[in-house]
Amino acid sequence: YTSWNEMLSAPAGAGCYSDPDTLITDCTCHSSCYNCGYNDAPTGPNDCIMCADSSVQVTAVYPDGTGYCGVPTWPVLAAFCDLYRSYEVCDRDNEQACPTTSPYECTWNGQTGRCNMNSADHEAMFGGSQSSGLTDQMHGFVSGDSGCGSLSDDETACNGNQNCTFSDGSCEPLVSAVNASMLSTGAHAAITEYAMAEQRNYTCQTLDASTCSSVDGCEYHGFCSGPDSCSSATDQTACESGNNCYWEGCHSSSRYGIIRVATACGAEYSATDLDYIARGHGYMTPEGDYQHYTSWNEMLSAPAGAGCYSDPDTLITDCTCHSSCYNCGYNDAPTGPNDCIMCADSSVQVTAVYPDGTGYCGVPTWPVLAAFCDLYRSYEVCDRDNEQACPTTS
4 YTSWNEMLSA PAGAGCYSDP DTLITDCTCH SSCYNCGYND APTGPNDCIM
54 CADSSVQVTA VYPDGTGYCG VPTWPVLAAF CDLYRSYEVC DRDNEQACPT
104 TSPYECTWNG QTGRCNMNSA DHEAMFGGSQ SSGLTDQMHG FVSGDSGCGS
154 LSDDETACNG NQNCTFSDGS CEPLVSAVNA SMLSTGAHAA ITEYAMAEQR
204 NYTCQTLDAS TCSSVDGCEY HGFCSGPDSC SSATDQTACE SGNNCYWEGC
254 HSSSRYGIIR VATACGAEYS ATDLDYIARG HGYMTPEGDY QHYTSWNEML
304 SAPAGAGCYS DPDTLITDCT CHSSCYNCGY NDAPTGPNDC IMCADSSVQV
354 TAVYPDGTGY CGVPTWPVLA AFCDLYRSYE VCDRDNEQAC PTTS
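Numbering (our numbering) for the sequence shown: 4 to 397.
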């Protein structure tokens, strides 16, 4: 032992431990661990107490000092993109949109009415009774490498670390730290984007209306959710004074993360793959109904929520669209009738005015003849540099 604390905390023998003095029978540690703990089934790569290779030190993921040994080896691009495609496509409640043939190989459960990943893909992504999946391995690595995971029992220390933020009883790495951690392992862009997408919401939650748009993939909602009585609250203070009300402030955009991962997968995906991915996601219509995207192009081009957008992922605060628009863009003040992205009446399609697809909704109503001629007369007469020829009377 190198210290008294190490002697106190580290079991001397190999095997699984529920606490430093209690060995678990019928349990096998991950191959990277010499011994592991401290829970009822500490069999994952992030549960090591000591490493199987005695020259390697454990990187702590949890406050009790357990963690992982060495640098993880991530799936290559093709393998990861196959797995991510299954994850995105095989998760919906529409049997007709549940492809069971290769390369998707989803399974349809008639009892639950759900489309699911096949068992091999599910275990690879989320783990099984005797194995740890990609998501657990990834979360453990970024928590340990950033130094955040070991601070989960100390909120003050967590928030004092520039890499971390405390959320729901856990110290989580900010998206910038996740990016740095993944890049340090030589991870390819697709899996790095996935790691950031999984952790981005913790970063977004630290931002307010004025700073939310400063982080790519964060969007400000600015409404009060909960029982019907909550909807009348127009600011966070009023919202959180209500019973069971919750202020929907800055959140991560799942659409943004999906687009980033799929784009990084590049040629690994066909147009059909992308359309299948898009159809599992959607947006709320002006009438409050959930509408699935019909294609990848629609998912790329249309923001999901109401409001003004400077680009498809950036909501503009203190901006109100024209009454004919459900949402509008894409410039710094898209408040005109030709700036609609989607129409307020969901049965009406936008007629594009600009190359980005924004335009007007419905058929315009023109001024009657007398009103137009009055307006045109003013336009023609009141535009000159001669005071004697500038009639100011009716």
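Beta carbons: idealized from backbone N, C-alpha and C, even for Gly.
Asked                                                                                                                                                                              : Found
Just list the residues that DSSP pairs P176 with in beta bridges.                                                                                                                  : C167
Quick one: what does DSSP say E98 is sitting in, helix, strand or coil?                                                                                                            : helix
By a C-beta neighbour count over all protein chains shown, 10 Å radius and 16 as the cutoff for buried, is P337 buried or exposed?                                                 : buried
Determine the extent of the beta strand (DSSP E) in which Y41 is found, giving its start and end residues.                                                                         : Careful: Y41 lies outside any beta strand (DSSP E) and carries neither H nor E.
So is E196 buried or exposed if we call it buried at 16+ other beta carbons inside 10 Å?                                                                                           : buried
Quick check on DSSP: helix, strand or coil for V61?                                                                                                                                : strand
Could you check the C-alpha separation between N38 and W7 for me, to the nearest Å?                                                                                                : 19 Å
Since V264 and A200 should fall inside the 8 Å C-beta cutoff, what is the C-beta to C-beta distance between them, to a whole number of angstroms?                                  : 6 Å
Using the C-alpha atoms, what's the distance from G220 back to A63?                                                                                                                : 29 Å
Evaluate N3 with the Cβ neighbour count: other Cβ atoms within 10 Å of its Cβ, from every protein chain shown; 16 or more gives buried, anything less gives exposed.               : The requested residue 3 does not occur in the structure, where the chain is confined to residues 4 to 397.
Can you tell which of D29, A347, N334 has the C-alpha that lies nearest to the C-alpha of A309?                                                                                    : A347
Helix, strand or coil: how does DSSP classify C364 here?                                                                                                                           : strand
Note down the Cα distance separating T188 from Y329, rounded to an integer number of angstroms.                                                                                    : 44 Å
Sort M302, C364, E301 by Cα distance to H325 and report the nearest one.                                                                                                           : C364
Out of curiosity, what's the CA-to-CA distance linking S216 and I27?                                                                                                               : 49 Å
On the three-state DSSP scale, how would you describe Y286?                                                                                                                        : strand
Out of C268, E175, N204, I261, which one is the CA nearest neighbour of A190?                                                                                                      : C268
For V353, does the three-state DSSP call read helix, strand or coil?                                                                                                               : strand
Looking only at C-alpha atoms, which of S228, R88, H254, A241 sits nearest to L318?                                                                                                : H254
Might you give, ordered along the chain, the residues of its own chain that have their beta carbon closer than 6 Å to the beta carbon of G130, omitting 5 neighbours on each side? : G136, D139
Let's see if you can read the secondary structure: which residues bound the alpha helix (DSSP H) around G260?                                                                      : 257 to 268
If you compare alpha carbons, which of H284, S235, H295, C167 is closest to R203?                                                                                                  : C167
Kindly confirm or deny that the region 104 to 120 and the region 14 to 25 touch, where touching means at least three C-beta pairs closer than 8 Å.                                 : no
I need the DSSP call for N330, collapsed to helix, strand or coil.                                                                                                                 : strand
Measuring CB atoms only, is the region 59 to 75 touching the region 89 to 104, in the sense that at least three cross pairs come out at less than 8 Å?                             : no
How big is the Cα-Cα spacing for R380 and R387?                                                                                                                                    : 13 Å
Excluding the 5 residues flanking T361 on each side, which residues of the same chain have their C-beta closer than 8 Å to its C-beta?                                             : C331, G332, Y333, P337, N341, D342, C343, I344, V353, A355
Are three or more beta carbon pairs between the region 143 to 157 and the region 177 to 186 nearer than 8 Å?                                                                       : yes
Check the C-beta distance from C84 over to Y259 and give it rounded, since I have them as a contact under 8 Å.                                                                     : About 18 Å; that fails the 8 Å criterion.
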